[in-house]
Each structure stands twice: as C-alpha cells, then as structure tokens.
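Positions in the sequence shown are counted from 1; adding 18 to them yields this note's numbering.
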Amino acid sequence: MCRYLFSSCLIFLACTSSASADRIKDIASVQGVRLNQLVGYGLVVGLDGSGDQSSQTPYTVQSLKSMLSRLGVTLAPGDSPQPKNVAAVSVNTDLPPFAKPGQTIDVTVASIGNAKSLRGGTLLLTPLKGADGNVYAMAQGNLIVGGLGVEGKDGSKITINVPSAGRIPNGATVERTVPSSFNEGNILTLNLNTPDFSTSQNTAESINAAFGEEVAVPLDATSVRVHAPLDPGQKVSFMAMLENIEVKTGEAPARVIINSRTGTVVISSHVRVLPAAVSHGNLIVTITESSQVSQPNPFSSGQTAVVPQSSIKVEEERRRAFVFNPGTSLDDIVRAINQVGAAPGDLVAILEALKQAGALKAELIVI
Numbered sequence: 019m020c021r022y023l024f025s026s027c028l029i030f031l032a033c034t035s036s037a038s039a040d041r042i043k044d045i046a047s048v049q050g051v052r053l054n055q056l057v058g059y060g061l062v063v064g065l066d067g068s069g070d071q072s073s074q075t076p077y078t079v080q081s082l083k084s085m086l087s088r089l090g091v092t093l094a095p096g097d098s099p100q101p102k103n104v105a106a107v108s109v110n111t112d113l114p115p116f117a118k119p120g121q122t123i124d125v126t127v128a129s130i131g132n133a134k135s136l137r138g139g140t141l142l143l144t145p146l147k148g149a150d151g152n153v154y155a156m157a158q159g160n161l162i163v164g165g166l167g168v169e170g171k172d173g174s175k176i177t178i179n180v181p182s183a184g185r186i187p188n189g190a191t192v193e194r195t196v197p198s199s200f201n202e203g204n205i206l207t208l209n210l211n212t213p214d215f216s217t218s219q220n221t222a223e224s225i226n227a228a229f230g231e232e233v234a235v236p237l238d239a240t241s242v243r244v245h246a247p248l249d250p251g252q253k254v255s256f257m258a259m260l261e262n263i264e265v266k267t268g269e270a271p272a273r274v275i276i277n278s279r280t281g282t283v284v285i286s287s288h289v290r291v292l293p294a295a296v297s298h299g300n301l302i303v304t305i306t307e308s309s310q311v312s313q314p315n316p317f318s319s320g321q322t323a324v325v326p327q328s329s330i331k332v333e334e335e336r337r338r339a340f341v342f343n344p345g346t347s348l349d350d351i352v353r354a355i356n357q358v359g360a361a362p363g364d365l366v367a368i369l370e371a372l373k374q375a376g377a378l379k380a381e382l383i384v385i
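1. Comparing alpha-carbon positions, which option in Leu382, Lys43, Gln252 and His245 lies nearest histidine 393?
2. I'd like the list of long-range same chain contacts for serine 36, defined as Cβ closer than 6 Å, with 5 residues on each side in sequence excluded.
3. Rounding to the nearest angstrom, what Cα-Cα distance links aspartate 112 and tyrosine 59 in this structure?
4. Let me make sure I understand the geometry here. Which of Asn132, Val63, Met259 and Ala380 has the alpha-carbon closest to that of isoleucine 276?
5. Would leucine 56 pass as a contact of alanine 155 if the rule is Cβ separation under 7 Å?
6. Among Glu261, Ala367, Val48 and Asp44, whose alpha-carbon lies nearest the alpha-carbon of leucine 206?
7. Take the Cβ of methionine 257 as the centre, count every other Cβ of all protein chains shown within 10 Å, and call the residue buried at 16 or more, exposed below.
8. To the nearest whole angstrom, what separates the beta carbons of valine 242 and serine 218, a pair I think is in contact under 8 Å?
9. Check this for me: beta carbons of leucine 141 and glycine 159, under 7 Å apart or not?
10. Which same chain residues, not among the five before or five after alanine 246, have their C-beta less than 6 Å away from its C-beta?
11. With a floor of 3 residues, list each beta strand (DSSP E) that falls wholly inside the stretch 140–225, ordered by position along the chain.
12. What did DSSP end up calling isoleucine 123 once you bin it into helix, strand or coil?
13. Can you grab the Cα-Cα spacing for the pair valine 79 / serine 72, in whole Å?
14. Can you tell me where the beta strand (DSSP E) with serine 241 in it begins and where it stops?
15. Helix or strand or just coil, what does DSSP make of glycine 7?
16. So for arginine 386, helix, strand or coil by DSSP?
17. What does DSSP give as the partner residue(s) for arginine 279 in the beta ladder?
18. Taking all protein chains shown into account, do 16 or more other C-beta atoms lie within 10 angstroms of the C-beta of alanine 106, making it buried, or fewer, making it exposed?
19. Does alanine 157 pass the burial test, meaning 16 or more other C-beta atoms within 10 Å, or should it be called exposed?
20. In the DSSP assignment, the alpha helix (DSSP H) including aspartate 44 goes from what residue to what residue?
21. Tell me, please, whether the stretch 80–89 touches the stretch 115–128 by the rule of three or more beta-carbon pairs shorter than 8 Å.
22. Rounded to whole angstroms, what is the Cα-Cα separation between glutamate 232 and valine 192?
23. If you run the structure through DSSP and keep just helix, strand and coil, what is glutamine 55?
24. Taking just the CA atoms, how far does isoleucine 263 sit from arginine 41?
25. Using only CA atoms, which one of Pro99, Leu143, Ala94 and Asn179 lies nearest to serine 135?
26. Mapping the DSSP letters down to three states, classify leucine 378 as helix, strand or coil.
27. Once the 5 residues before and after lysine 373 are set aside, which same chain residues still bring their CB inside 7 Å of it?
28. Let me check one thing: in DSSP terms, what residues is proline 236 bridge-paired to?
29. So, at 7 Å on beta carbons, what are the nonlocal neighbours of alanine 190 in its own chain, with the 5 sequence-adjacent residues on each side left out?
30. Measuring only the C-alpha atoms, how far is glycine 230 from leucine 260?
31. Would glycine 131 and asparagine 103 be called neighbours here (beta carbons separated by less than 7 Å)?
32. Could you spell out where the beta strand (DSSP E) holding serine 395 opens and where it closes?
33. Would you give the residue range spanned by the beta strand (DSSP E) that glutamate 264 belongs to?
34. Using 7 Å as the threshold, is the C-beta distance between valine 153 and asparagine 54 below it?
35. Tell me, to the nearest whole angstrom, how far the beta carbon of alanine 46 is from that of threonine 221; I am working on the premise that it is less than 8 Å.
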C-alpha cells in the first residue's frame, strides 16, 4: 500500500527576542584585528596501502620525485615509485591575529587525490602561504583521523565518518608576523557583528558614558569610531576596559525564517498580522495494490495468470477556518494553528499566503 500525504512533516520552532545588554567584545570586533587563512600542498607518508593510485594521480608521483631530488636521492630515468603509502594533501589553517613567530597552531589535512584513508600517516614539512604568496607557517606532524574505512576483496566496504581528512594539533609553527594596524594612530573602529542602527548608537553612548563625551562616534549601522590612546601599552589597557562595557542591543526586526531543506520554521516575537481569515486542509491519497489469480475454465486453452488490482481512495480532511484579529502576536498565531491541527508544512503554506495577501507584517526569508 502506498500512502501519499500532501503536506510536509516539518519542525516548527518559535523564538522570542528582546532587548538585552551584551558586552562589546561579544557583539563587535576591532577593524584590522582578524584571522588570516593559510593553505599549502604537501605529502602524507606512512599509510598502510591506502594512499593514492599512481595511474590516476600522476601529480603524487611527480611530487614524490621532486621531494626525493631535494633530499639528494637520484632516481634512474626509468624508475617510477608506486605511492600506495603516500597521499597528496592540502593543508590549511587560520592564523590568529597577533600570532608571533615560534607559536604553534592546529592544521587540517585533507586528501586531494584518491587516497582511501590518511589514518596512521605523517605529514612531511609543508610551507603554508597566505593570499599574498608569502610563507607564514610551516606544518609537519602525525595526523589524527576520526574516520575509518575497511574494504573487503569482494568489493564490500564500511566507512565511518571521513577517513580522508584529519588534524594535527599544534602541527604548524608560525614563521612570520602579519602586519596589523592596531598600533597605528589613535583611532579604532568597532564593527558590529550584526548591523543595527540602535545598537550602533547605544554602543557609542555606553562608551562615552564610561570614558567621556566624544570618545566614540557612530558612523553607520555597523561601525563606531573610537578615540584611543596613542601609546601601545595604554591602548591595550583601554581596549581591556572598553570590550567589557555592556551595551543594550537593539531588538531584531520581525522575520519569519523557513529552511526549505530541513523544514525548520522560526518566527520572531515581533511578527504581526492584519485581520485575515484562513481555511486550510490536507488532501490524502491512498493507493492500495492487490493481486488476484485468474483461473481458466477446465479443458480450455487459457492459462492461469496473476492479475494486479489497484484501489485509489481520495480523502480531504476538513479543517475549521480560523481568523487572525488586528495585531495578532506570535502566541496567537501558534495557538490558532495548533487548534486546527495544522502541521508545520501547513504553517509554511499559511505564512506564504498571508505574505502574498499583505497581511503578514514581517520579512519572509527562505533559506
């Protein structure tokens, strides 16, 4: 029996938002103080036969020959190493702000060939470069791989997580410092993580209340300009006090977020609807498959056969209509929809229809 229900079973989530006080360090960042992405190409050796296949990844053989040549090993013209224990990998990491030479950072290693697993491998010395082409760190070490892959001779295999990627804790050593504008001049710019005019204004007012008038000036919905001491030591002390100042953040706008892939629906607390009447029901189609044996008459030329029979039944669930009065709040919406037994899939259809009718006073976002 096949049963088709023309409504999606989704998850409904309702969230509320209200003005709250947060520290500046939690809602903003200092312009110029940022992470920098590094990437490199290297070789992982010591694999148990789970490395790249030379016939499909010639660049692994080329890289292996180049490495051996730099180490003083000369191969005969006809020699071609079989890198079944070697894998070509990409190495990437984030260089924290103010990182100094000699400090160590974690790196992520991922196969770029057809290696089946990097478990038990060791990354050879790999330079990590920034977007400007300069080397900022050197990576090397033993991989920690959380995945596992097992394959039988008959082709059956079991894979747990992702065995072709791993990490090396403290696997890279910083070799170069990234220039920062933090100690240049006496002007700092705070950039809000979530642009909001109210939060920008409140941030400037809170800073001025702590350090004096005209220390901070809001530039737009994202940025606040702050006058800081010119001396680097005093600037650090100033920032230590500034980042712990609490700011009353602005309330989020009225939004309805719908995730079309997972079925999640999030409604903020400021969502309102104009007067509207809604009637919604589900259409259920049930198809039942059965088989009947057709037996011919005795002494006839017919043959016994199995004849399929289908039964199709269409049902339409009757739902009561409900009315949204002026100024309906989130609680009213949820209560009205729950009373008629509407599923989250029905909720999505209702909200989209209200938006098209101009009755939903909120931004409808589908992700």
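In this text, a Cβ means the ideal position worked out from N, Cα and C, and glycines have one as well.
Nothing here was measured: the structure is a model prediction, and the numbers come from that model.
By the coordinates alone:
1. This structure leaves residue 393 out entirely; the chain is present only between 19 and 385.
2. Note on serine 36: pLDDT 47, under 50, position unreliable in the model; no value is reported.
3. In this model, aspartate 112 and tyrosine 59 are separated by some 15 Å (Cα to Cα).
4. For isoleucine 276, the closest of Asn132, Val63, Met259 and Ala380 by C-alpha to C-alpha distance is Ala380.
5. Going by C-beta atoms, leucine 56 is nearer than 7 Å to alanine 155.
6. Comparing C-alpha distances from leucine 206 to each of Glu261, Ala367, Val48 and Asp44 shows the shortest one belongs to Val48.
7. Flag for methionine 257 reads buried.
8. The C-beta separation of valine 242 from serine 218 comes to about 6 Å, placing the pair in contact by the 8 Å criterion.
9. Yes; because the gap between Cβ atoms is below 7 Å, this pair is in contact.
10. Excluding five sequence positions before and after alanine 246, the CB atoms of its chain that fall closer than 6 Å to its own CB belong to Asn204, Leu206, Lys253 and Phe256, given in chain order.
11. Counting whole runs of 3 or more residues, the stretch 140–225 contains the beta strand (DSSP E) stretches 140–147, 153–160, 166–169, 175–178, 183–192 and 205–210.
12. In the structure shown, isoleucine 123 falls within a strand segment according to DSSP collapsed to helix, strand and coil.
13. Those two C-alpha atoms are separated by around 6 Å.
14. Unbroken beta strand (DSSP E) run through serine 241: 241–245.
15. Missing from the structure shown is residue 7; the chain here goes from 19 to 385 and no further.
16. The structure shown does not extend to residue 386, since the chain is modelled only from 19 to 385, so the question has no answer here.
17. Partner(s): none; arginine 279 has no beta bridge.
18. The Cβ neighbour count for alanine 106, taken over all protein chains shown within 10 Å, is at least 16; the residue is labelled buried.
19. It is buried - the Cβ of alanine 157 has at least 16 other Cβ atoms within 10 Å.
20. Per DSSP, aspartate 44 belongs to the alpha helix (DSSP H) from 42–45.
21. No, they do not touch.
22. Cα-Cα distance, rounded: 40 Å.
23. Look at glutamine 55 here: in three-state DSSP terms it is strand.
24. Cα-Cα distance, rounded: 5 Å.
25. Serine 135 has its Cα closest to that of Asn179, out of Pro99, Leu143, Ala94 and Asn179.
26. Looking at leucine 378 - three-state DSSP - the assignment turns out to be strand.
27. Taken in chain order, the residues that qualify are Leu382.
28. Within the DSSP secondary-structure output, proline 236 pairs in a beta bridge with Val242.
29. Around alanine 190: Thr111, Thr122, Ile123, Val125, Leu146, Ala155, Met156 and Ala157.
30. Note on geometry: alpha-carbon atoms of glycine 230 and leucine 260 lie some 12 Å from one another.
31. No, the Cβ-Cβ distance between glycine 131 and asparagine 103 is not below 7 Å.
32. Shown here, the chain extends from 19 to 385; a query on residue 395 therefore has no answer.
33. Taken as a continuous stretch (DSSP letters only), the beta strand (DSSP E) holding glutamate 264 covers 264–266.
34. In terms of Cβ geometry, valine 153 and asparagine 54 do not form a close pair [threshold 7 Å].
35. About 7 Å; that satisfies the 8 Å criterion.
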